[in-house]
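Visitor: The following block contains the structure, expressed as structure tokens.
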Amino acid sequence: MMAVEISGVAKTFRASHGPRRVFEHLDATFPRGASVGILGVRNAGKSTLLRLIGGSILPDHGKVRRHGSVSPPVATTQAYHAALTGRENLHFVARVNGFDGDAAARFVACFAQMGEAIDQPLSSYTRERRSRFLFAASYALPFDIYLADEALFGGTGVFRERCAELVQARRTQATLIFTTRSPQMLRRFADIGAVLHEGRLHMFERIGDAIRLFRSLDPGTASDTDSAPEDEEDEEERFADEPFGPSA
Ligand SMILES: Nc1ncnc2c1ncn2[C@@H]1O[C@H](COP(=O)(O)OP(=O)(O)OP(=O)(O)O)[C@@H](O)[C@H]1O
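Residue 1 is where the sequence shown starts when you use the UniProt record's numbering, and the numbers rise one by one after that.
This is the structure in structure tokens:
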């Protein structure tokens, strides 16, 4: 049983300096219940693939079939309104997706230890609280398929570790599709390793095989070992300053 099936997808962006073809004929399948980690060098098309899966952009040709509800990308700010409180935002997002807003707000208030801030506008949140809210909210609704573009979990200190445990828990309940440039993230969170290269997605049941292919494409990761510090912290930084609300 598949969670997502991609067949014959083509996608070209029209930029001012000319067209940029990211996919010409992409085929890929994502098994239900599996956690698939997608490695790829810069500009390989990882974000484009995630956006196609999520439906925020459409293919020029081909089909993306989703079997189940799909989350917005983890820690995305675009679903939220800065002037609304945390609780109001969660109610809104839950309602749009057909889920229980009260349960989502309870979960986030407790998991992110929001205190009274759950009833204050997002615009008043500190950087740390904002990050906790975004990551807790990402996993508060029971989607069938979670998407994460580079930042799978975040925050600092104890919250960060609890957030990683939360991802592991969701991984046992749902399908997870995430992109990364960190082989260690694959080892820690993926059941299936994938490498996006020249418009094709190569999938491996053995994570080590995916990492070997990736390292051969990106010599910068050649010295990366299991004991090296994780580099995913940089990946989530960009969420800290992104404005709330839909992007232009
Ligand atoms: N909206 C867009 N308009 C024009 N070009 C785009 C657009 N989105 C992506 N591209 C181009 O498509 C290519 C793939 O971009 P994408 O962001 O999907 O790669 P990526 O693998 O996620 O890169 P990174 O690791 O740097 O985040 C890049 O050359 C990028 O410049």
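Glycine included, each C-beta is placed from N, C-alpha and C at the ideal position. From a predicted model like this one, the values you see are computed outputs, not experimental measurements.
How far does the beta strand (DSSP E) with PRO219 in it extend, from its first residue to its last?
Guide: Segment: none, PRO219 is in no beta strand (DSSP E) and carries neither H nor E.
Visitor: Secondary structure at ARG65, three-state DSSP: helix, strand or coil?
Guide: Three-state result, ARG65: strand.
Visitor: Residues in its own chain within less than 7 Å of GLU205 by CB, not counting five upstream and five downstream?
Guide: Correct list, in chain order: ILE192.
Visitor: Find the nearest neighbour of VAL64 within the set GLY245, ILE53, PHE23 and ARG200, judged by alpha-carbon distance.
Guide: Comparing Cα-Cα distances from VAL64 to each of GLY245, ILE53, PHE23 and ARG200, the minimum goes to ILE53.
Visitor: To the nearest angstrom, how far is it from the Cα of SER223 to the Cα of ILE38?
Guide: Since pLDDT at SER223 reaches only 49, below the 50 mark, its modelled position is unreliable, and the value read off the structure follows with that caveat. Going from the Cα of SER223 to the Cα of ILE38 covers about 20 Å.
Visitor: Pairs of beta-carbons, one from the segment 177-193 and one from the segment 144-162, closer than 8 Å: are there three or more?
Guide: Cβ pair count under 8 Å is three or more, so yes.
Visitor: Are the beta-carbon atoms of VAL4 and PHE30 separated by less than 8 Å?
Guide: A contact, by the Cβ cut-off of 8 Å.
Visitor: Looking only at C-alpha atoms, which of LEU134, ALA174, LEU90 and ARG162 sits nearest to ILE145?
Guide: Ranking LEU134, ALA174, LEU90 and ARG162 by Cα distance to ILE145 puts ALA174 first.
Visitor: Can you tell me the Cβ-Cβ gap for VAL108 and PHE133, rounded? I've got them flagged as a contact below 8 Å.
Guide: Sure, about 7 Å apart at Cβ, within 8 Å.
Visitor: Just the Cα atoms here: how many angstroms apart are ARG160 and GLY154?
Guide: One C-alpha to the other measures close to 5 Å.
Visitor: State yes or no: is the C-beta of ALA44 nearer than 7 Å to some heavy atom of ligand 1?
Guide: Result yes, Cβ under 7 Å from ligand 1.
Visitor: Could you tell me if the beta carbon of THR175 falls within a distance shorter than 7 Å of some heavy atom in ligand 1?
Guide: Outside the cutoff, so no.
Visitor: Between the beta-carbon of ALA104 and the beta-carbon of LEU141, is there less than 8 Å?
Guide: Yes.
Visitor: Whose C-beta lies closer than 6 Å to the C-beta of GLU235 among residues of the same chain, with five residues either side of it excluded?
Guide: Confidence at GLU235 is low in this model, with a pLDDT of 49, below 50, so the placement of that residue should be treated as unreliable; the coordinate-derived value is given next. Closer than 6 Å at Cβ, skipping near neighbours: GLU150 and ALA151.
Visitor: For the segment 100-160, list the alpha helix (DSSP H) runs that are entirely contained and at least 4 residues long, ordered along the chain.
Guide: Counting whole runs of 4 or more residues, the segment 100-160 contains the alpha helix (DSSP H) stretches 101-111 and 127-138.
Visitor: Give the straight-line distance between the Cα atoms of SER56 and TYR80, rounded to the nearest whole angstrom.
Guide: The alpha-carbon atoms of SER56 and TYR80 are separated by roughly 16 Å.
Visitor: What three-state label does DSSP hand PHE244 in the structure shown?
Guide: It is coil, neither helix nor strand.
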